[in-house]
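Contents: one structure, followed by commentary.
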Amino acid sequence: LTTLQIKRRWWQQRWDGTLHREAWPAKYAIYILTVFAFIFIPNHPFFNGIYLWISRFGAMIFVIIEQIILIDVAYKLNESW
Numbered sequence: 003l004t005t006l007q008i009k010r011r012w013w014q015q016r017w018d019g020t021l022h023r024e025a026w027p028a029k030y031a032i033y034i035l036t037v038f039a040f041i042f043i044p045n046h047p048f049f050n051g052i053y054l055w056i057s058r059f060g061a062m063i064f065v066i067i068e069q070i071i072l073i074d075v076a077y078k079l080n081e082s083w
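Right under this line is the structure:
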């Protein structure tokens, strides 16, 4: 854990978030190229029966977890008033 903390501090001093704050034209270009690249990916290997069932199950779990989080936030917000 200490090693990770030292590496994180070294990385923050070296990088200092300039790439995160700047280079917006490059970020937009990469995003647009990625969107257009996904147009040319064929549907057959990804959207067969197994992948669809895995996706449906994962989506169901995601929705249930999101509902639990939403209800928890609503209860905490109500208690804090």
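The numbering used here applies: residue 3 is where the sequence shown begins, and numbers increase by one.
Glycine included, C-beta positions come from ideal geometry on N, C-alpha and C.
Classify residue i as helix, strand or coil using the three-state DSSP reduction.
i	result
Ala25	coil
Asn80	helix
Phe42	coil
To which residues of the same chain is residue i closer than 8 angstroms at the C-beta, ignoring the five residues directly before and after it?
i	result
Ala1	No statement about residue 1 is possible, as the shown extent of the chain runs from 3 to 83 and does not include it.
Shorter than 9 angstroms from the beta carbon of residue i to some beta carbon of chain B?
i	result
Asn50	No chain B appears in this structure, which consists of one protein chain only.
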